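What follows is one structure encoded as structure tokens, with my remarks underneath.
Number of protein chains: 2
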Amino acid sequence: MEFDIRQSTGHLMVHVMKLHRHTFHKLTEEYDIFPGQPPLLFRLHEKDGQSQKELAESMRVKPATLTVMINRMVKNGHVVRRPDPADQRVSRVYLTDRGRSVMDSVREALALLEEVSFRSFSAEDKQLFHRQLQQMVKDLSEFDAGKYAEGGSTTEME
Amino acid sequence: MEFDIRQSTGHLMVHVMKLHRHTFHKLTEEYDIFPGQPPLLFRLHEKDGQSQKELAESMRVKPATLTVMINRMVKNGHVVRRPDPADQRVSRVYLTDRGRSVMDSVREALALLEEVSFRSFSAEDKQLFHRQLQQMVKDLSEFDAGKYAEGGSTTEME
DNA sequence: GATATATAGTTAGCCGGCTAAATAAAGGAG
DNA sequence: CTCCTTTATTTAGCCGGCTAACTATATATC
Numbered sequence: 001m002e003f004d005i006r007q008s009t010g011h012l013m014v015h016v017m018k019l020h021r022h023t024f025h026k027l028t029e030e031y032d033i034f035p036g037q038p039p040l041l042f043r044l045h046e047k048d049g050q051s052q053k054e055l056a057e058s059m060r061v062k063p064a065t066l067t068v069m070i071n072r073m074v075k076n077g078h079v080v081r082r083p084d085p086a087d088q089r090v091s092r093v094y095l096t097d098r099g100r101s102v103m104d105s106v107r108e109a110l111a112l113l114e115e116v117s118f119r120s121f122s123a124e125d126k127q128l129f130h131r132q133l134q135q136m137v138k139d140l141s142e143f144d145a146g147k148y149a150e151g152g153s154t155t156e157m158e
Numbered sequence: 001m002e003f004d005i006r007q008s009t010g011h012l013m014v015h016v017m018k019l020h021r022h023t024f025h026k027l028t029e030e031y032d033i034f035p036g037q038p039p040l041l042f043r044l045h046e047k048d049g050q051s052q053k054e055l056a057e058s059m060r061v062k063p064a065t066l067t068v069m070i071n072r073m074v075k076n077g078h079v080v081r082r083p084d085p086a087d088q089r090v091s092r093v094y095l096t097d098r099g100r101s102v103m104d105s106v107r108e109a110l111a112l113l114e115e116v117s118f119r120s121f122s123a124e125d126k127q128l129f130h131r132q133l134q135q136m137v138k139d140l141s142e143f144d145a146g147k148y149a150e151g152g153s154t155t156e157m158e
């Protein structure tokens, strides 16, 4: 019984996420909002004027990724960047009127997608599913963190 | 009770997949294999010399995506492209010796990741989880297909 | 105060997905 | 046989993620 990628759950999850992303895109492209952007929108809506570093950490994304995303969203008029007066290194990000006005539609799109995705789940099943994902995050994170400490290759040759 | 992206299961799944991808990458970068490539490797291992169109369909990826991926894998020596003698439009893709030799490690990495991801699941839970994902694919696909037929915007204004 | 170090952000370049438009080869209509 | 259409692949350009290297500003040390 060799491992077959085509029947693996990991492979299936990739497919689900691709569908999810694709459908979200169709629902929101008319607002010039793209699939990676809602997390930023929501965080700014909750607390405007955060620094890129704060945002990157909270979104679990690298600062370089955010720089580029924010450039696009500035171009599309959803956010603006303003330097922090007290520290010229940090630039703070603010929602524009357009950014704020788009929030509702984005929220609706996400809520709809969530509804569709779990349409066939009972409330209990969905809760279980969510907890299982959290457990998976834990197990994957632990593995990733420990992978090199033990099986490591630091002292194996020579 | 407004929809909050930070507590949505969709958001959580994105995070899980990012972790999954990242860990796979760490496990296989020494073979010059990247996270999108295993599906291609496995399909060729199962049936060598498929056309790019066949592969794209089976992998649920656009032909343009495959073209680029194959270019890289040719450069890294995992596959080769040879034109179909009977039809000069189609180019068939074959595993090289390196491609074949790398299969085992890739398979192991994927199996390991699958093991880690579902480490805390009972066999029944994992099966249920898998079936739930399949159902999700179904519901999302149906929604995506029907989205424009009904709520469509073809005849709504004017 | 001048130099060294740390921190925030940007740029360049890569992988993986997409769409739209361009090639190139096969097939079909006349 | 020539012209038109279909089909397979490629190219260009975009979004989203990453790393590595660079810039600019703050801070710390001497």
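Top to bottom, those sequences are chains V and C. So the first sequence is numbered by the working numbering: it starts at 1 and just counts up by one. So the second sequence is numbered by the working numbering: it starts at 1 and just counts up by one. Glycine is no exception: its CB is placed at the ideal position from the N, C-alpha and C atoms. Being a predicted model, the structure only gives us computed values, none of them experimental.
Can you tell me whether DSSP reads residue i as helix, strand or coil?
i             : result
residue 81/V  : strand
residue 37/V  : coil
residue 61/V  : coil
residue 92/V  : strand
residue 120/C : coil
residue 8/C   : coil
Check whether the Cβ atoms of residue i and residue j lie closer than 9 Å to each other.
i             : j             : result
residue 31/C  : residue 102/C : yes
residue 2/C   : residue 107/V : yes
residue 16/C  : residue 122/C : no
residue 132/V : residue 125/C : yes
residue 65/V  : residue 129/C : no
residue 12/V  : residue 134/C : yes
residue 98/C  : residue 76/C  : yes
Following a CB-centred definition, is residue i positioned closer than 8 Å to any heavy atom of the ligand PLP?
i            : result
residue 99/C : Questions concerning the ligand PLP fall outside what the structure shown contains, since it holds no ligand whatsoever.
At a Cβ threshold of 9 Å, is residue i touching chain C?
i             : result
residue 4/V   : yes
residue 116/V : yes
residue 144/V : yes
residue 87/V  : no
residue 84/V  : no
residue 105/V : no
residue 108/V : yes
residue 62/V  : no
residue 73/V  : no
residue 100/V : no
residue 140/V : yes
residue 51/V  : no
residue 137/V : yes
Among the options, which one has its Cα closest to the Cα of residue i?
i             : options                      : result
residue 143/C : 128/V, 62/V, 132/V and 119/V : 119/V
residue 91/V  : 20/V, 139/V, 48/V and 10/V   : 48/V
residue 43/C  : 81/V, 44/V, 4/V and 21/V     : 4/V
residue 37/C  : 9/C, 17/C, 51/C and 59/C     : 59/C
residue 110/C : 93/C, 35/C and 53/C          : 35/C
residue 28/V  : 52/V, 113/V and 69/V         : 113/V
residue 78/C  : 87/C, 33/C, 52/C and 104/C   : 33/C
residue 22/C  : 126/V, 61/V, 134/V and 67/V  : 61/V
residue 87/C  : 51/C, 18/C, 141/C and 66/C   : 51/C
residue 80/V  : 94/V, 67/V, 89/V and 68/V    : 94/V
residue 141/C : 20/V, 54/V, 7/V and 63/V     : 20/V
residue 53/V  : 98/V, 14/V and 89/V          : 89/V
residue 115/V : 139/C, 67/C and 55/C         : 139/C
Counting contacts by CB-CB distance shorter than 9 Å, is residue i in contact with chain V?
i             : result
residue 18/C  : yes
residue 22/C  : yes
residue 10/C  : yes
residue 159/C : Residue 159/C lies beyond the stretch modelled for chain C, which goes from 1 to 158, so this question has no answer here.
residue 47/C  : no
residue 34/C  : no
residue 111/C : yes
residue 133/C : yes
residue 54/C  : no
residue 125/C : yes
residue 79/C  : no
residue 93/C  : no
residue 69/C  : no
Suppose the cutoff is 7 Å on Cβ atoms and the five residues either side in sequence are ignored; what does the same chain contact list for residue i look like?
i            : result
residue 69/V : 36, 37 and 40
residue 26/C : none
Among residues of its own chain, excluding the 5 on either side of residue i, which ones have a beta-carbon nearer than 6 Å to its beta-carbon?
i            : result
residue 45/C : 103
residue 82/V : 92
Under 8 Å Cβ to Cβ from residue i, same chain only, skipping five residues before and after it: list those, please.
i             : result
residue 127/C : none
residue 96/V  : 77, 78, 79 and 80
residue 63/V  : 52, 53 and 56
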